[in-house]
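Residues 11 to 223, numbered by our numbering, are exactly what the sequence shown covers, in order. Each residue gets a CB set at the ideal place from its N, CA and C atoms; glycine is no exception.
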Amino acid sequence: MQGVTKQNIIVTSLIIATFLTAIEGTIVSTAMPKIVEDLGGSSLYTWVISVYLLATVISTPIFGKLADLYGRKIMFQIGVVIFLLGSTSSGLSQTMEQLVIFRLIQGIGAGALATIPMTIIGDVFSFEQRAKIQGWISSVWGISGVIGPIVGGFIVDAISWHWIFFMNLPFGIISLILLQQALHEQLSKKKQIIDYAGIITFTISMTAFFVGP
Numbered sequence: 011m012q013g014v015t016k017q018n019i020i021v022t023s024l025i026i027a028t029f030l031t032a033i034e035g036t037i038v039s040t041a042m043p044k045i046v047e048d049l050g051g052s053s054l055y056t057w058v059i060s061v062y063l064l065a066t067v068i069s070t071p072i073f074g075k076l077a078d079l080y081g082r083k084i085m086f087q088i089g090v091v092i093f094l095l096g097s098t099s100s101g102l103s104q105t106m107e108q109l110v111i112f113r114l115i116q117g118i119g120a121g122a123l124a125t126i127p128m129t130i131i132g133d134v135f136s137f138e139q140r141a142k143i144q145g146w147i148s149s150v151w152g153i154s155g156v157i158g159p160i161v162g163g164f165i166v167d168a169i170s171w172h173w174i175f176f177m178n179l180p181f182g183i184i185s186l187i188l189l190q191q192a193l194h195e196q197l198s199k200k201k202q203i204i205d206y207a208g209i210i211t212f213t214i215s216m217t218a219f220f221v222g223p
């Protein structure tokens with residue numbers, strides 16, 4: 011029973027984290043007209059969304075590899091912290107240039123939230139359980155696509171666009187606490203090798219592909 015309880019806690023933590031990543035793609039788009047009205051910088055309109063997606067695409071395989079080397083739990087926690095720092099900073103932005111930079115940071119953290127949950131599921135659950143749990147995680151993306159614009163519109167109208175970023179804080183912290191309590195890993199102590207040249211090459215290639223004509 012104790013093992014089942016821990017597995018449920020882990021799933022809850024991963025669903026929350028995945029939801030934060032997934033909803034960012036739609037909720038911010040809804041708020042952009044109001045953000046541009048407050049901050050100006052309409053020429054950077056598309057960059058607020060695009061730089062987040064670019065950072066996520068680049069950081070996703072990197073976090074996946076680092077999780078193999080140093081453990082799923084620690085890399086997931088680092089990703090959540092980076093994501094929350096980017097979220098908080100985005101909500102405090104005073105200019106569009108600041109928002110673009112902070113969204114880049116947020117996107118880097120989102121890379122961990124996008125890939126490591128599936129890996130943790132593969133480690134924790136039996137082969138028979140994985141398909142069901144991964145289906146739950148995958149469904150979060152579809153649900154987020156539907157409710158993101160609704161939630162974004164409500165927050166912008168009822169409170170302020172700043173809160174589409176601040177609302178990530180309590181959920182992210184809950185996800186961190188739950189995973190910290192429920193997931194325990196046994197890591198092999200051996201020298202790890204990181205392919206820095208490969209990371210740099212991949213980052214430059216994806217950036218060039220993104221900003222190229």
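Closer than 9 angstroms to chain C by CB, residue i
i, result
"Ile92", "Here there is only one protein chain, and chain C is not present."
Pair within 9 angstroms by beta-carbon distance, residue i and residue j
i, j, result
"Val221", "Ala32", "no"
"Glu107", "Leu54", "yes"
"Leu188", "Ile26", "yes"
"Val156", "Ile174", "no"
"Ile147", "Thr28", "yes"
Option in the options with minimal Cα separation from residue i
i, options, result
"Gly117", "Asp205, Glu34, Asp78", "Glu34"
"Ile111", "Ile92, Ile126, Ala41", "Ile92"
"Gly132", "Thr40, Ala77, Val156", "Ala77"
"Phe181", "Leu94, Gln144, Gly101, Ile126", "Leu94"
"Ser79", "Gln196, Asn178, Leu114", "The sequence shown places Leu at residue 79, rather than the Ser named in the question. The shortest C-alpha separation from Leu79 is found at Gln196."
"Ser97", "Met177, Ser39, Ile59", "Met177"
"Val21", "Ser39, Ala192, Ser99", "Ala192"
"Tyr206", "Phe73, Val58, Ser60, Ala124", "Phe73"
For residue j and residue i, the rounded distance between their alpha carbons
i, j, result
"Glu47", "Gln104", "12 angstroms"
"Leu186", "Gly89", "10 angstroms"
"Ser52", "Ile165", "21 angstroms"
"Ala65", "Phe212", "12 angstroms"
"Ala41", "Gly163", "7 angstroms"
"Ile209", "Ala168", "43 angstroms"
Three-way DSSP call (helix, strand, coil) for residue i in this model
i, result
"Gln87", "helix"
"Trp9", "The structure shown does not extend to residue 9, since the chain spans only 11 to 223, so no value can be given for it."
"Gly117", "helix"
"Asp133", "helix"
"Gln139", "helix"
"Gly152", "helix"
Exercise. Is the segment 14–21 touching the segment 127–141, taking contact as three or more C-beta pairs under 8 angstroms?
Worked result: yes
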